[in-house]
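In the numbering used here, the protein residues as written are 7 to 961.
Below you can see the structure in the form of structure tokens.
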């Protein structure tokens, strides 16, 4: 019995409508709808979807499927995609995607042709994610979209990851995601809990919990079902027994009297099912083994009934609303709890027999289930049937299918099942055609790709224990490389030792040796042992060319540019990258093209060609999105773009890039790089608390330093900035001494790495000399010894070298030529300090007047304070026509982005509307508005608008 009256959910319906209205205003949002089993989530979402559909919304609905613990990869998205194909046709759907991109969707629906044969499977899942994102964005260009994902508590790992990805990245398209889940099933270790916690922190995501119905609402529900207002005593009894859970109320009302009614939902449901004819109950038990939804043809085959016999048997269940007729000649239980309760009523022998029948029938005709589901459903049913042999065979097949669909977490779970069944099946290796060690190797690879590092270590150790390195050295070497990568991913030491061990195992030229040398050489260069790293890379390059493996050759060329870059040979790095790009384009290897382009962005920035670097990064990001590689290559490219923007003094834009990319959940190493760029800006702006928080997150304040030179040198530089901001020059000198210590790595001649650090060392030594001259002299001597081995190539390295040598005016001139305002202002200030010490007050004042507007425009408060302080000492007037710096014209130092925001503020736009128009977050808009109010010396948005018009700031 279902009430025809919508009861007790008006507030929640209004919340959903408001969220949809927000989405329609070009600000994507999501609603996480939680509630107890039977709490009315589906009814609420159905009502909302109907109302939204009447207003022109495009509603797509997909549900997660419970198939034991492994789930069904991408089940809700496959269902939504299937609905879309029914509505539009596969060709029209494919037309919404970039050329060839629809083939990625063929892994889920055969209507899109043959799946891609891309061997680069580690990025395949990222590409699939991007295609779903692009598809929703393109659909939303036509009309607002609502994507409903039901029963997310059953979501597989891949679906959960895709849900999180879409929620973070659908920022401006008019799309609303509504996700329902059973809150009472989320135990402490439930995999959905961290996903909900993460999404709850994303702007625009609303958590909505369905409460139980009140006494009055239960009365209204009962009145709707009965057609008349029930007696109060009856309402009270039902309310007490149901505790306000709508499904309980419905089940209780199916009883004619109160006698013998069970107290649990299971008993209530079974009591209603037991009223059905015996033949109906038997078929329902068969249907329950098939899942929440089972096709008529499959159910008829398993039950061994004709169409007419099956229809006659199910008719009473449909009339009693236990079962419902779904699209595509299928049957679905009205509620998942009903199916669970019926399934639990099966006897052990019946349970095993029925699940085996499902496996046999699906295997006989795989068209009985939706495309892509056969292998995993067969595996589920054989495992449920407790048939170890076929459970093993089918799990192996399903694992292979999962890998092809980039569902690596599901592949890992299935491989773990194979391993758990191995000893129960005689001649397991012969049955599936691979040995136990191969399963462990595949499981370790899947664990690495899916981020399950701890589990991956277990599999690697297990595989190594079964291998004899004298008999199979190449397999052992490959596993040692994988183990080393896991240690590096976890930030642990020992990776280098493992890589060297792997190299010793394969002393003769081979594809495996080339792969090992590629990893070892790259790691050595990252830890600044560039001579050996480059030599090993060249050896591997020779092997790859002898083997004719151009893909490996291009990868190695990109690795070789790392050595060129660290040595400061940037033009050589650009030329080598160009060769790699040529090979990558010829082989249609997007991953290699993206790697080389990213390296070129970094090289251009180090050469002082930062504007070019920004444009190339944007081009690379667009290509990464086209290739479905944004979360891998694209975020790396975006980080390099942020670095170039920081160098150009376009700090607000850099912060926007950092925040938007960080919200996409990049890999930990990319996230750390982004945070370092943000820390540089925080240090320059005097945001001490933010700087300290970032350094704590990336581990730069305590513990062992990071092994890669680029990371530990950056961490030291930032830690020094923190000490200087706190007024502790000796503490800064102590940290600098670590960089200059004889036990440290040799220093890179790369402009933004080695020379930047040495320019800072000069600043620290000068500051510390006033406190402890002897210590300062010792540190300077060490710095001189290191710089004697360094070379300066390009204007950026030369400008930092000039700062180190104390030739600040020449450095400032160079910084002006390459368009970097902050180091120019810093150099001018240091030159002013030197002039003041020499008694040249006029010269110091002139330099301060040149530095002052630069520092103000950037919002570089610590430098600004230093300029103002020195200006007062030398009697400098820092603002033209004013008595002092404070008399500068309000608004003269607004950045281009702040002027854009001010223009929209003057038009009366809200923060959210500004964020939508400028494609930035509302939080970032709030920061801009605060800066604008401060620079204009006003306290309200209205005053800011009036001042902008009065001073003609908006043109």
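Glycine included, every Cβ here is placed at the ideal spot set by N, Cα and C. Model, not experiment: these values are computed from the prediction.
- In this structure, residue 113 and residue 415 do not form a Cβ contact; the two beta carbons are roughly 15 Å apart against a cut-off of 8 Å.
- Look at residue 311 here: in three-state DSSP terms it is coil, with no helix or strand label.
- Setting aside the 5 residues that flank it on each side, residue 483 is surrounded in the same chain by 508, 511, 512, 518 and 522, each with a C-beta closer than 7 Å to its C-beta; the list follows chain order.
- Of the candidates 145, 87, 722 and 643, 87 places its Cα closest to the Cα of residue 118.
- If you draw a straight line from the Cα of residue 845 to the Cα of residue 804, it comes to about 28 Å.
- In this structure residue 289 is buried. Its beta-carbon is surrounded by 16 or more other beta-carbon atoms within 10 angstroms.
- Between the stretch 128-140 and the stretch 41-59 there are fewer than three C-beta pairs closer than 8 Å, too few to call the two in contact.
- From the listed residues 147, 167, 152 and 100, the smallest Cα separation to residue 131 is found for 167.
- For residue 289, the enclosing alpha helix (DSSP H) begins and ends at 284-295.
- Within a 10 Å sphere around the beta-carbon of residue 186 sit 16 or more other beta-carbons, which makes this residue buried.
- The residues 368 and 375, in chain order, have a CB closer than 6 Å to that of residue 383 in the same chain once the five nearest residues on each side in sequence are set aside.
- In this structure, residue 169 and residue 179 do not form a Cβ contact; the two beta carbons are roughly 16 Å apart against a cut-off of 8 Å.
- Rounded to the nearest whole angstrom, the CA to CA distance from residue 199 to residue 171 is 16 Å.
- Following the DSSP letters along the chain, one finds residue 215 inside the beta strand (DSSP E) bounded by residues 211-215.
- Taken in chain order, the unbroken stretches of alpha helix (DSSP H) that lie wholly in the stretch 652-728 and span 4 residues or more are 657-668, 674-691 and 694-703.
- Residue 156 is bridged by DSSP to 69.
- Taken atom to atom, the span from the alpha-carbon of residue 594 to that of residue 632 is near 13 Å.
- Annotated three-state conformation of residue 411 is coil, per DSSP.
- If you check the CB distance, residue 292 and residue 305 come in under 8 Å.
- The stretch 426-437 and the stretch 460-479 do not touch, with fewer than 3 CB-CB distances between them shorter than 8 Å.
- DSSP places residue 12 outside any beta strand (DSSP E), giving it a letter other than H or E.
- Counting along the chain, residue 443 sits inside no beta strand (DSSP E); it lies in the alpha helix (DSSP H) bounded by residues 442-455.
- Under a 10 Å Cβ-count criterion, residue 843 is classified as exposed, with fewer than 16 other Cβ atoms of the shown protein chains found around its own Cβ.
- When Cβ pairs closer than 8 Å are counted between the two stretches, the stretch 61-68 is seen not to touch the stretch 393-408, the count staying below three.
- Residue 257 is not a Cβ neighbour of residue 241, given a cutoff of 8 Å.
- In chain order, 523, 524, 527, 528, 531, 562, 565, 566 and 569 place their CB closer than 8 Å to the CB of residue 543, counting only its own chain and leaving out the 5 sequence neighbours on each side.
- Residue state for residue 932 is assigned as helix, using DSSP reduced to three classes.
- Ranking 364, 390 and 617 by CA distance to the CA of residue 354 puts 390 first.
- Take residue 679, set aside five residues on each side of it, and the residues of its chain with a beta-carbon closer than 6 Å to its own are 645, in chain order.
- Leaving aside the five residues that flank residue 420 on each side, the residues in its chain whose CB is nearer than 7 Å to its CB run, in chain order, 76, 385, 401, 404, 405 and 408.
- In the DSSP assignment, residue 251 falls outside any alpha helix (DSSP H) and carries neither an H nor an E.
- Per DSSP, the unbroken alpha helix (DSSP H) holding residue 364 starts and ends at 354-370.
- Here the C-alpha atom of residue 677 lies approximately 23 Å from the C-alpha atom of residue 165.
- Assignment of residue 150 by DSSP, reduced to helix, strand and coil, places it in the coil class.
- In this structure residue 940 is exposed. Its beta-carbon is surrounded by fewer than 16 other beta-carbon atoms within 10 angstroms.
- Rounded to whole angstroms, residue 246 and residue 277 show a C-alpha spacing of 19 Å.
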